[in-house]
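In this note's numbering, the protein residues as written are 2 to 39. Where is the CB? At the ideal position from N, CA and C, for every residue including glycine. Given the structure is predicted, the values throughout are model-derived calculations rather than measurements. Only one structure is covered here, and it is reproduced in the block below.
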(Lines of atoms letter the chains of each structure in order from A and count residues from 1; the text may use other names and numbers.)
(Lines give C-alpha, C1' and ligand atoms only; values in the text may rest on other atoms or scores of the structure.)
Protein backbone atom coordinates (compact mmCIF):
# COMPACT_ATOMS: atom_id res chain seq x y z
CA UNK A 1 0.00 0.00 0.00
CA UNK A 2 2.78 2.43 0.90
CA UNK A 3 4.59 1.87 -2.42
CA UNK A 4 1.38 2.60 -4.30
CA UNK A 5 0.90 5.81 -2.30
CA UNK A 6 4.44 6.83 -3.28
CA UNK A 7 3.71 6.26 -6.98
CA UNK A 8 6.04 3.27 -7.31
CA UNK A 9 5.77 1.01 -10.34
CA UNK A 10 7.06 -2.11 -8.56
CA UNK A 11 8.44 -3.48 -5.32
CA UNK A 12 11.67 -5.46 -5.53
CA UNK A 13 13.74 -7.48 -3.06
CA UNK A 14 10.69 -8.56 -1.06
CA UNK A 15 11.47 -10.04 2.35
CA UNK A 16 9.13 -11.72 4.79
CA UNK A 17 9.59 -12.27 8.52
CA UNK A 18 7.36 -14.07 10.99
CA UNK A 19 7.40 -14.18 14.76
CA UNK A 20 5.26 -15.56 17.54
CA UNK A 21 3.91 -12.72 19.67
CA UNK A 22 2.03 -14.94 22.12
CA UNK A 23 0.49 -18.40 22.30
CA UNK A 24 -1.73 -18.90 19.27
CA UNK A 25 -0.81 -15.57 17.64
CA UNK A 26 1.86 -14.64 15.12
CA UNK A 27 2.81 -11.56 13.17
CA UNK A 28 3.95 -11.43 9.56
CA UNK A 29 6.11 -8.57 8.33
CA UNK A 30 6.72 -7.97 4.63
CA UNK A 31 9.03 -5.29 3.29
CA UNK A 32 10.91 -4.42 0.14
CA UNK A 33 12.20 -1.59 -2.02
CA UNK A 34 9.79 0.55 -4.03
CA UNK A 35 11.04 1.50 -7.50
CA UNK A 36 9.89 3.90 -10.20
CA UNK A 37 10.61 2.73 -13.75
CA UNK A 38 11.81 5.29 -16.26
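DSSP-derived helix/strand/coil call for residue i
| i | result |
| --- | --- |
| residue 9 | coil |
Whole-angstrom distance between residue j and residue i, CA atom to CA atom
| i | j | result |
| --- | --- | --- |
| residue 13 | residue 35 | 6 Å |
| residue 16 | residue 32 | 5 Å |
| residue 23 | residue 7 | 34 Å |
| residue 30 | residue 4 | 15 Å |
Residue nearest to residue i in terms of C-alpha spacing, selected from the options
| i | options | result |
| --- | --- | --- |
| residue 38 | 32, 5 and 9 | 9 |
Beta-carbon contacts of residue i that lie in its chain and below 7 Å, excluding the five residues immediately before and after
| i | result |
| --- | --- |
| residue 20 | 27 and 28 |
Cutoff 6 Å; reference residue i; Cβ partners in own chain excluding five residues on either side
| i | result |
| --- | --- |
| residue 18 | 30 |
| residue 11 | 36 |
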